[in-house]
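In this note's numbering, the protein residues as written are 52 to 462. In this text, a Cβ means the ideal position worked out from N, Cα and C, and glycines have one as well.
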Amino acid sequence: MTIALPSHLENLVSLLPDYSVPTYSTTPISEFKFFLRSQKNLITAFLSTKFAQHLTDSVEYYTALRDKHFLNSLGSFIDSALSVEKRSIVLDCVLVVLNSTPTLLTDPSDIKQAAITHFQSIVSSPLVCYSFIASFPARWQQAYTPLSGVSASLYDPVLAPISLQEWSDIISSMPNNKASGPSKISYEMIKHLSGEVLDFSLLLANTCLSRGDIPADWRKAMVVINRLSNILADNNVLQGGNFAGLPGGSTDVPIKMLDTIIHQQKHDSTDDQELWIVSQDISKAFDSMDLNMLKLALIRLHIPALLVQFILNLFTRRNNRIITCHGDTATYRVLVGIDQGEIISPLLWVIYLDPLLTVLNHEARDPFILKSLALLDYSPLEFEQHFLPVSHLTFMDDSTLIASSKAGIED
52 MTIALPSHLE NLVSLLPDYS VPTYSTTPIS EFKFFLRSQK NLITAFLSTK FAQHLTDSVE
112 YYTALRDKHF LNSLGSFIDS ALSVEKRSIV LDCVLVVLNS TPTLLTDPSD IKQAAITHFQ
172 SIVSSPLVCY SFIASFPARW QQAYTPLSGV SASLYDPVLA PISLQEWSDI ISSMPNNKAS
232 GPSKISYEMI KHLSGEVLDF SLLLANTCLS RGDIPADWRK AMVVINRLSN ILADNNVLQG
292 GNFAGLPGGS TDVPIKMLDT IIHQQKHDST DDQELWIVSQ DISKAFDSMD LNMLKLALIR
352 LHIPALLVQF ILNLFTRRNN RIITCHGDTA TYRVLVGIDQ GEIISPLLWV IYLDPLLTVL
412 NHEARDPFIL KSLALLDYSP LEFEQHFLPV SHLTFMDDST LIASSKAGIE D
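So this is what it looks like as structure tokens:
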């Protein structure tokens with residue numbers, strides 16, 4: 052018996068080019084099954100061909116697009132090569148707790164105020180404010196006592212007047228394609244300064260340096276960071292052993308040291324040490340910095356008072372705004388911490404953490420003893436002995452605590 056195709060099979064006419072509706076019989080059942088199988092194979096072959104063609108077209112399209120990005124937009128090329136996914140936060144509503152009741156805010160003015168409140172209080176102020184070393188517990192008075200082997204005259208080059216050549220080199224080294232901030236003045240604009248305008252900007256920079264202050268809307272410290280970081284690195288002033296923040300810093304060294312420690316513990320039959328490792332990342336490190344403690348950490352390194360004042364003024368009287376889908380919030384005062392985007396911030400964090408790491412080096416119970424002589428050159432500390440005690444490997448705010456006993460890691 053010949054019957055018309057069911058409606059769902061008739062769609063093949065529009066799906067497959069040059070397809071004509073066949074006739075078929077439902078009897079005998081074996082022939083009907085053969086017919087259905089043939090139609091299935093036809094559809095499968097068609098879809099496989101289409102998918103393969105689509106895959107080929109996609110590869111050719113995105114290969115050509117990546118080549119275009121390589122020539123015209125290296126940032127887009129890198130994002131594409133690394134499969135970086137662009138994500139953003141749309142701040143169009145805020146869930147808060149009012150009078151113990153969860154409340155969803157949708158009014159633009161309420162959203163902006165809630166955003167300000169959140170970012171002003173996301174890091175609480177220090178429970179105890181220390182302004183003088185004498186107010187510290189006895190254990191930490193020694194840690195913050197000014198270092199005996201460092202002279203304040205070491206930092207005289209930091210406060211020396213900036214030459215026109217140095218100023219021009221600093222401006223030329225500024226990165227391109229960076230957000231300009233509230234001032235709307237980009238690095239590219241500054242790079243076009245010349246003549247009297249360049250001379251005036253140099254005069255302003257030297258005035259800031261000589262007075263230890265800087266305008267609130269012009270908080271950059273590129274000259275200071277270059278001079279200060281080189282002095283600290285060349286004279287091995289910092290004692291904590293942080294592998295970041297100074298010229299030449301790299302994750303390569305601590306990674307190799309950790310790998311060698313693990314290898315020694317596993318494969319050195321003469322080494323009966325246990326190995327205990329705890330990895331930690333300090334949450335909101337820059338946002339939680341206490342400027343009073345930063346001041347004491349700077350004084351500990353014998354940094355001159357004028358330079359300390361200049362550095363602290365970079366992060367006082369600071370204002371900020373938050374981008375929402377309803378526009379920017381009103382300006383609000385930043386209450387604690389330093390700016391993560393400021394070029395000097397990584398160096399200041401290393402200085403801030405150095406007393407703690409120094410105490411950890413001196414007082415660590417049961418550090419792991421690394422025997423490999425080849426790794427002595429990796430450490431920023433100087434060791435004359437043939438065995439290197441390792442209590443931590445720190446890069447910026449990421450620390451790996453290491454001990455040869457459970458008690459040592461808990462202490």
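Identified DSSP bridge partners for residue i
i	result
Phe419	Val441
Asn293	Thr445
Thr375	Gly378
Tyr383	Asn371
DSSP-derived helix/strand/coil call for residue i
i	result
Ser456	coil
Arg369	coil
Ser224	coil
Tyr75	coil
Ser450	strand
Tyr403	helix
Ile54	Model confidence at Ile54 stands at a pLDDT of 48, short of 50, so the residue's coordinates are unreliable; what they give is reported in the following sentence. Here Ile54 sits in coil by DSSP.
Tyr5	Given a span of 52 to 462 for the chain in the structure shown, any question on residue 5 remains unanswerable.
Gln195	Note on identity: in this sequence residue 195 is Tyr, with Gln being the wrong assignment. Here Tyr195 sits in coil by DSSP.
Asn92	helix
Asp207	helix
Leu476	Any question about residue 476 goes unanswered here, given that the chain covers just 52 to 462.
Pro355	coil
Asp462	coil
Val201	coil
Gln463	The chain is shown only over 52 to 462; residue 463 falls outside these bounds and no answer can be derived.
Ile350	helix
Ala230	coil
Leu66	helix
Asn286	coil
Gln391	coil
Pro397	helix
Phe187	coil
Asp250	helix
Leu408	helix
Ala272	coil
Ala425	Its pLDDT being 45, under 50, Ala425 is placed unreliably in this model, and the value from its coordinates should be taken loosely. In this structure, Ala425 counts as helix in the three-state DSSP scheme.
Ile362	helix
Residue-chain proximity (residue i, chain B), Cβ-Cβ < 7 Å
i	result
Ser99	Absent from the structure is chain B; it holds one protein chain and no more.
Residue i vs residue j beta-carbon contact at 7 Å
i	j	result
Ser372	Asp379	As written in the sequence, residue 372 is Arg, which differs from the Ser given in the question. A contact, by the Cβ cut-off of 7 Å.
Val147	Ala165	yes
Glu441	Ala194	According to the sequence as given, residue 441 is Val; it is not Glu. Taking 7 Å as the Cβ cut-off, Val441 and Ala194 do not qualify as a contacting pair.
Ile22	Val274	It is not possible to answer for residue 22, since the shown part of the chain is limited to 52 through 462.
Leu326	Leu210	no
Val145	Leu156	yes
Leu444	Met308	yes
Phe337	Gln290	no
His353	Val201	yes
Ile453	Phe438	no
Gln324	Ser237	no
Asn227	Glu217	no
Ala295	Leu365	no
Ile213	Asn257	yes
Arg351	Pro197	yes
*In chain order, each beta strand (DSSP E) run of at least 3 residues that lies wholly inside the region 99-156*: The region 99-156 is shown to contain whole beta strand (DSSP E) runs of 3 or more residues at 145-149 and 152-156, in chain order.
_Stretch pair the region 380-400 + the region 313-331: three plus CB contacts closer than 8 Å_ = No, they do not touch.
_Entirely enclosed alpha helix (DSSP H) segments - the region 155-184, minimum 4 residues_ = Whole alpha helix (DSSP H) segments, 4+ residues: 159-172.
_Every unbroken alpha helix (DSSP H) inside the region 298-343 [4 residues or more]_ = Runs of the alpha helix (DSSP H) lying entirely within the region 298-343, each at least 4 residues long, are 303-318 in chain order.
*asked:* Three Cβ pairs or more, each shorter than 8 Å: is that satisfied between the region 294-305 and the region 316-335?
replied: Because the criterion of three Cβ pairs below 8 Å is not met, the region 294-305 and the region 316-335 do not touch.
*Do three or more CB pairs link the region 330-344 to the region 387-394 at distances below 8 Å?*
Yes, since at least three Cβ pairs between the region 330-344 and the region 387-394 fall closer than 8 Å, the two stretches touch.
_Segment contact, 8 Å Cβ cut-off, at least three pairs: the region 346-363 with the region 400-414_ = By the Cβ test, the region 346-363 is in contact with the region 400-414, since at least three Cβ pairs between them sit closer than 8 Å.
*Taking three-plus beta-carbon pairs below 8 Å as touching, is the region 448-459 in contact with the region 330-339?*
Output reads yes: the region 330-339 touches the region 448-459.
*Indicate whether the contact test is met: 3 or more Cβ pairs, each with one atom in the region 198-209 and one in the region 240-249, closer than 8 Å.*
They do not touch, by the three-pair rule.
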